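Peer 1:
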Amino acid sequence: MFEIIRSNTNINFVKKFGITSIISAILVIGSVFLIATKMKYGVDFRGGAEIQVKFQKSENLNELRKSMKDAGFSGITMQTIGEASENEYLLKVSANEENLNEVTDKVSKTLTSKYAADGVEIRKVDIVGPKAGAELRKSGFLAMLWALLAIMVYVGLRFDFKYSPGAIVALFHDVSIILGVFALTGTEFTLQTVAAILAVIGYSVNDTVIVYDRVREHEAKFVGRDIKEHINNAINETLSRTILTSGTTLFVSATMFFIGGLAIRDFFMAITLGVVVGTYSSVFVAAPVVLLFDRLRDGKSSNTVNAQA
Amino acid sequence: MRRGWWYRFVFLLIVAIISGISIVPTAFNFKETDNFPVKSKINLGLDLQGGLYMILGIDFKKVYKDEVKGYARRVEFSFKDETGSGFKLGDIDASDPLDPKLEILLNSAADNEAVKSVIHDTYNGLIRITGDTGSTISIALTKKVKTDIEEQSVKRSIEVIRNRIDEFGVTEPEIVSQGTDRIVVQLPGVKDIERAKELIGKTAKLEFKMVNSEIAPATIQGWVSKAKEEGLEYKKGERFSTYVSKVNELVRQDLPKGHVLAFERVTNAKGDILQLVPYLIEATPRLTGEDLEDARVQFNPQQNNQPEVGLNFKSRGAKIFAEVTGENVGRLMAITLDGNVYSAPRINGKIAGGRATISLGGKSYNEQLKEARDLALVLRAGALPVQLDFLEQRTVGPSLGADSIDKARFAAIIGCVLVFGFILVYYRVSGMFAITTLALNVLIILAMLVGLGATLTLPGIAGIALTVGMAIDANIIIYERIREEIRKNVGFYKAVENGFNSAFWTIIDANITTALAGICLLNFGTGPIRGFAVTLLIGIFATVYTSYFVSKIFFEFYMNKVEGQDLSI
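First to last, the sequence lines map onto chains A and B. 1 is the number of the first residue of the first sequence in my numbering; add one for each residue after it. 310 is the number of the first residue of the second sequence in my numbering; add one for each residue after it.
As structure tokens, this is what we get:
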């Protein structure tokens, strides 16, 4: 048998929980801080208009800005997107503009008439009114909340309610770190990001549930042993599966991220991060929280045997 | 071989064959006319083939206002029928925009009881009296009417938009309501986005209002000049209706009760406004677009065959039209579109029979023809009863869609090849089984997309790629279990059986939790996000079936062949 993780691997994960908890806590707190201060919301959520435009030849961004300013559009920001050789630019009109539709139409028309010789092509126009933006923000948030709630209830019913908090803490951990990286790298938070985050929630809880499944199996099979031992054995036994699955999912998501094109890049950035963080959290976040809740629930457990080193 | 195996194998074969057949038209790009049992292809989302997506919001505040006026007119008619005398309509009090109140100015206080009894007897439950000073009565809509209006407005708007879109010729439009005051319009493949938007966005609130003939045009011009002195002047790029309401607000004290200022816009070929002609018109329309039966482009033989719009009223409309024109010979009747005067023809005499024309002067022949066509189209489709606001709008150019699809597809294939290669090296013969089930998985997903008429979006392709990445998980769970069992030396037969058994609930648990996230996405997401959710959910079903049940069929067959003596895993 070809193995990446040797079958008799026995790492004492529980012993490392102290260090990993500190690392996780720092990462999460840092992420929350970044999200609060630096997160850039895309047009979906803050409202406004975006025009994606492509030229046949390279354009100077400053000249482009100047010519739009000369045409009477002052509140428009511009940036290059994708590879420099693609000559693609993104123009953003802010949401407080009196009439987004009209302004956007005019900007498009100005572009197509002024740069006709440069092979200009309007590739995409997104207009989101401020009111719709607020609603999308609300529904995106609700989707995440309901997903978390549904998962918590399912895990609680299928396993035991001492497992639910672990799954949820792990999910908060993953989501906040992914969003933290988004904030740090200046990647915009869009509707697509919400979809990616929900997919990650699905993936991460999937990973967590598989470890839990083993713990429960051990609890039923070897009654009387300390839960620490169950957790350690369960993680070790599923380690091979965990690494393999994360590996194959990473193959796909990283490939999509690097060569899948602009339109899905941010989406797969979230997925790729999610697979890495989600795998880590299944072992180093979800499991310790179960330990914590197990201890909280029966303070009597002092008579249990200590975990083997 | 047990009989159960055969049943499951035959079922698998049927699933595979049906799936294969249903994606043939998509894969080989069949034409509709080709002779093949399945015709439908996978619907491509807007982000893949380009097109227009928008969310329109209905402004009920305005609808309520119009509706209260409409009821006042009806009361007037009933009152006239009963007593022969009439009343005038005063100002509207919209301090609560969701419950506007309208003043009825009685000719004499003696009419008070008679008007109130008409309201009570004929319009009971439809309108309510909110104030009574003896010489004026205030009315408002009842809750029941408002609820009806909401439901009807959404329904009718969708109908009207569909009519317009049909005339525009889009192959697969999707027009659906969202919530109580939203309409989502999706027009895949539409290239002339500007024109489509114009057509849908045109609220075409057509009204016929009498122009006040008692106040001299110079006085009216004076009001406009007064507004100008106050710094109120229409600037390009500003919403015209905002300007008009500001002017009205400013000169409100000077206007006779129940009247408003409206403008006719004289524009040049580029659509720039050259001149604004002010009119003092009654706030309440005599007739609305709802009274209109039909509108079409016709050519006037007396004027060089110039295009014009011919109107044809419904029987109720024709009756009112004849009455109004008969009473007001010599006066101007303003035809307003969305509150702006479109033309104000002089009534030359009583127009019976319900036919009238709107001439479009002052432009080149081609422009007149285009305008006449657009106007007639908008009117014919039935003037919208409501004002629609563009809340959200997304357009994707077709080339961007093609670029994106190429890149995403290429990446998805590379990703799958990587995974397949790895699995083959890692699990050898069993890896072959896994790859077969994965390929079947993708096939089933695509077939289900065809079958359900679901739309494949860019995030959808991402969803399929992700499913492949994650579907292998179920195989890995099973295989790792089997390996564990083999290490315990229970024999290959038993190892496979135990492996499948102990993996079952793990796979179910894992996939249900992912499905929960998918359901939340489907519930709260819009557009492409829903596309992703649909593929994710379909993927989960397909995954559980192929990775567990189909794998099991393969393994049972294989273990029987080698009589449990060998297993390459």
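Using N, Cα and C, we set each Cβ at its ideal position, and we do this for glycine too. Just so you know, these numbers come straight off a predicted model, no measurement behind them.
1) Taking the alpha carbon of B/I458 as the point to measure from, which residue in B/D368, B/I828, B/C725 has its own alpha carbon closest?
2) At the 8 Å Cβ level, is A/K124 part of the contact set with chain B, yes or no?
3) Helix, strand or coil, according to DSSP, for A/A307 in the structure here?
4) If the criterion is Cβ atoms closer than 8 Å, does the pair B/G762 and B/N352 meet it?
5) Residues of the region 634 to 660 of chain B with a CB closer than 8 Å to any CB of chain A: list them in chain order, please.
6) If I follow the unbroken beta strand (DSSP E) through A/A116, where does it start and stop?
7) Can you find a C-beta in chain A that's less than 8 Å from the C-beta of B/E385?
8) A/V128 and A/G47 look like a contact to me (Cβ under 8 Å); what is the Cβ gap, rounded to whole Å?
9) Here's a check: name, in chain order, each residue in its chain whose Cβ is nearer than 7 Å to the Cβ of A/A234, leaving out the five neighbours to either side.
10) May I ask you to report which of helix, strand or coil DSSP gives B/E523?
11) Between the region 777 to 794 of chain B and the region 745 to 764 of chain B, do three or more beta carbon pairs fall short of 8 Å?
12) How close, in whole Å, do the beta carbons of A/F2 and B/Y735 come, if the pair is a contact with beta carbons under 8 Å?
13) Identify the contact partners of A/A195 in chain B, using a Cβ-Cβ distance below 7 Å as the criterion.
14) With C-beta atoms as the reference, is B/D420 less than 8 Å away from B/A449?
15) Let me know the beta strand (DSSP E) ranges lying completely inside the region 317 to 372 of chain B, each 3 residues or longer, listed in chain order.
16) Looking at C-beta atoms only, is the number of pairs between the region 264 to 278 of chain A and the region 200 to 209 of chain A that lie closer than 8 Å three or more?
17) Might you give, ordered along the chain, the residues of its own chain that have their beta carbon closer than 6 Å to the beta carbon of A/L91, omitting 5 neighbours on each side?
18) Identify which residue in A/T272, A/A220, A/F222 has its Cα closest to the Cα of A/T245.
19) Please state the DSSP three-state secondary structure of A/T238.
20) Kindly say whether A/Q56, judged by its beta-carbon, lies nearer than 8 Å to any beta-carbon of chain B.
21) Please report the distance separating the alpha-carbon of B/Q530 from that of B/V633.
22) Is the Cβ-Cβ distance between B/L398 and B/L415 less than 8 Å?
23) Whose Cβ in chain A lies nearer than 7 Å to the Cβ of B/G360?
24) If I'm right that A/V28 touches A/I177 with Cβ under 8 Å, what's the distance once you round it to whole angstroms?
25) Using DSSP with H/G/I as helix, E/B as strand and the rest coil, what is B/I582?
26) Which residues of chain B have a Cβ atom closer than 8 Å to the Cβ of A/E313, listed in chain order?
27) Assign B/S534 to buried or exposed, taking buried as 16 or more other Cβ atoms, counted over all protein chains shown, within 10 Å of its Cβ.
28) Using the beta-carbon of each residue, which ones in chain A are nearer than 9 Å to B/S708?
29) Output the distance between the C-alpha atoms of A/T80 and A/F293, rounded to the nearest integer angstrom.
30) Among residues of its own chain, excluding the 5 on either side of B/V424, which ones have a beta-carbon nearer than 8 Å to its beta-carbon?
31) Can you tell me which of the three DSSP states A/N232 falls into?
32) Any chance you could list the beta strand (DSSP E) runs of at least 3 consecutive residues sitting entirely within the region 627 to 662 of chain B, in chain order?
33) Under 8 Å, do A/D266 and A/T187 count as touching if we go by C-beta distance?
34) Give me the chain A residues within the contact set of B/K716, using Cβ-Cβ distance strictly less than 9 Å, ordered along the chain.
35) Could one say the Cβ of B/M741 lies closer than 8 Å to chain A's Cβ atoms, at least one of them?
36) Suppose you measure from the CA of B/Y867 to the CA of B/S877; what does that come to, to the nearest Å?
Peer 2: The short version:
1) B/D368
2) With 8 Å as the cut-off, A/K124 counts as an interface residue toward chain B.
3) Note on A/A307: pLDDT 41, under 50, position unreliable in the model; the coordinate value appears next. Note: A/A307 maps to coil in three-state DSSP.
4) yes
5) Near chain A, meaning a CB-to-CB distance below 8 Å, no residue of the region 634 to 660 of chain B qualifies.
6) Element bounds for A/A116: n/a, residue is neither H nor E.
7) So, not an interface residue.
8) 5 Å
9) V211, R214, V215, H218
10) Coil at B/E523, not helix or strand.
11) Yes, since at least three Cβ pairs between the region 777 to 794 of chain B and the region 745 to 764 of chain B fall closer than 8 Å, the two stretches touch.
12) 5 Å
13) P768, L830, G834, I838, F841
14) no
15) Those beta strand (DSSP E) runs which fall completely within the region 317 to 372 of chain B and span 3+ residues are 360 to 367.
16) yes
17) I51, I76, M78
18) A/T272
19) helix
20) No, its Cβ sits nowhere closer than 8 Å to a Cβ of chain B.
21) 27 Å
22) no
23) None at all; the shortest Cβ gap to chain A is about 11 Å.
24) The distance from the Cβ of A/V28 to that of A/I177 is about 7 Å, consistent with a contact at the 8 Å cut-off.
25) In this structure, B/I582 counts as strand in the three-state DSSP scheme.
26) Look at the range of chain A in this structure, 1 to 309, and you will see that residue 313 of chain A is not part of it.
27) That one is exposed.
28) K54, E121, R123
29) 50 Å
30) If the five residues before and after B/V424 are omitted, its C-beta is found closer than 8 Å to the C-beta atoms of V384, F388, F396, I413, L415, I446, all from its own chain and listed in chain order.
31) helix
32) Restricted to the region 627 to 662 of chain B, the beta strand (DSSP E) segments that are unbroken, complete and at least 3 residues in length are 642 to 646, 649 to 652, listed in chain order.
33) Remark: C-beta atoms of A/D266 and A/T187 approach each other more closely than 8 Å.
34) Neighbours of B/K716 in chain A, taken as residues at a C-beta separation under 9 Å, are given in chain order as I259, G260, G261, L262, A263, I264.
35) B/M741 does not count as touching chain A.
36) 10 Å
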